[in-house]
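Step one of this worksheet: look at the structure below.
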């Protein structure tokens, strides 16, 4: 299982998403960004920051 803590990219956000693979975590992070942060599109630099912040749960 892999996870990403949103606070590593958005200071103060306590959201954490998980998934079986990096791609699953990226999809969950995009859904979180849309629902919580109002981001319709996630810029490439944010995707790279998310990818860099994914850890093993």
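Residue numbers (the numbering used here): -2 to 54.
Backbone N, C-alpha and C fix where the C-beta goes; we use that ideal spot for every residue, glycine too.
| said: I need the straight-line Cα distance from residue 2 to residue 21, nearest angstrom please. | reply: 14 Å
| task | In the DSSP assignment, find the beta strand (DSSP E) that holds residue 95 and state where it starts and stops. | result | With the chain covering -2 to 54 only, the question about residue 95 has no answer from this structure.
| field | Run of the alpha helix (DSSP H) containing residue 46, from where it starts to where it stops | value | 41 to 50
| said: Determine whether the beta carbon atoms of residue 16 and residue 10 lie at a separation below 8 Å. | reply: no
| said: Applying the 10 Å Cβ sphere with the 16-neighbour rule, what's the burial state of residue 28? | reply: exposed
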